[in-house]
Every structure is written in structure tokens, then in C-alpha cells.
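Per this note's numbering, the sequence shown starts with residue 825, numbered consecutively.
Just so it is clear, CB atoms sit at the ideal spot from N, CA and C, and this is done for glycine as well.
Notes follow once the structure below has been shown.
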Amino acid sequence: MRLYLYALVACFGIVGIVSGLKPEWFKEVLFGFLGPASVGFFTIRLFSKFDKMSHDIVRKWMMISFGLKMLIYPIYFIIIIKVYSFSPYPFVFSFAGFFIGLHILEAIVLQTKSKIK
825 MRLYLYALVA CFGIVGIVSG LKPEWFKEVL FGFLGPASVG FFTIRLFSKF DKMSHDIVRK
885 WMMISFGLKM LIYPIYFIII IKVYSFSPYP FVFSFAGFFI GLHILEAIVL QTKSKIK
């Protein structure tokens with residue numbers, strides 16, 4: 825969990841750097857960060873409730889969380905693009921970058937948490 829929190833701080837630093845270079849992209853990059861960060865954080869919190877998980881339990885909960893993510897992300901995209909008026913390209917690129925990076929880190933954290941041998 826601590827590793828994921830450090831990564832969130834680093835990602836928020838990236839948001840700050842990008843918004844310093846291109847201030848007009850601040851909202852796009854911030855909203856591209858908030859979606860994957862919040863969903864990943866809640867997934868890690870869900871899995872941190874268990875001390876030791878077997879491989880079958882990890883697989884079951886990963887499938888459930890994957891299904892929920894496939895429902896949450898399109899709703900998030902629709903709300904962001906329909907409600908807020910901004911340039912979609914910085915949002916999509918920042919979302920994709922943070923999505924990939926944070927989900928790789930989420931997999932690493934969950935693998936070490938589950939103690940799969």
C-alpha cells in the first residue's frame with residue numbers, strides 16, 4: 825500500500841510538472857490522473873483487508889474488480905467528456921499513461937500482498 829501511495833505522490837508531481845509547462849492542460853491532465861488513481865486506490869484498499877490470500881481468492885477478486893472497472897471507466901469517460909469542455913487529447917493521453925503505469929504498479933502490489941509462491 826505504501827508503494828502505491830508513493831506512486832500517487834509521484835504521479836501528482838507529474839501532473840504539476842505538466843501543468844507548469846502547459847497551464848491550459850491542467851484540468852485535462854488532472855482528470856486523466858484522478859480516474860485511474862482513485863479506482864486503483866480503492867482496489868488496493870479492498871485487497872488490503874485480507875492478510876494472506878490464496879491464488880484462487882486473488883483470481884476471483886481480480887475478475888470481479890476487472891468487471892467493475894470495465895463499468896466504471898466508460899461512465900467516467902462519458903461524464904468527463906460530456907460535462908467538462910476541454911481538449912480531449914491531453915485527457916486521453918494522460919489517462920492512458922496513468923492507467924497503464926498505475927495498473928502495473930497495482931499488479932505488483934497485489935502480487936506481493938497475495939504471497940503467491
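{"query": "DSSP state of K846 mapped onto helix, strand, coil", "result": "coil"}
{"query": "Nearest residue (CA-CA) to I841, options A831, V853, Y830", "result": "V853"}
{"query": "Alpha-carbon spacing of F871 relative to E930, whole angstroms", "result": "10 Å"}
{"query": "Integer Cβ distance of I904 from F855, believed to fall under 8 Å", "result": "5 Å"}
{"query": "Euclidean distance between Cα positions of R869 and I881", "result": "16 Å"}
{"query": "Cβ-based neighbour list, G864, same chain, cut-off 6 Å, excluding 5 preceding and 5 following", "result": "L926, E930"}
{"query": "Pairwise C-alpha distance: G837 and Y830", "result": "11 Å"}
{"query": "Expected contact under 8 Å - CB spacing of G859 and F919 to nearest Å", "result": "6 Å"}
{"query": "Residue span of the alpha helix (DSSP H) that contains F910, given as start and end", "result": "Unbroken run through F910: none, as it is neither H nor E."}
{"query": "Rounded separation between Y828 and K906 - CA only", "result": "30 Å"}
{"query": "Length of the line joining the Cα atoms of K873 and T867", "result": "10 Å"}
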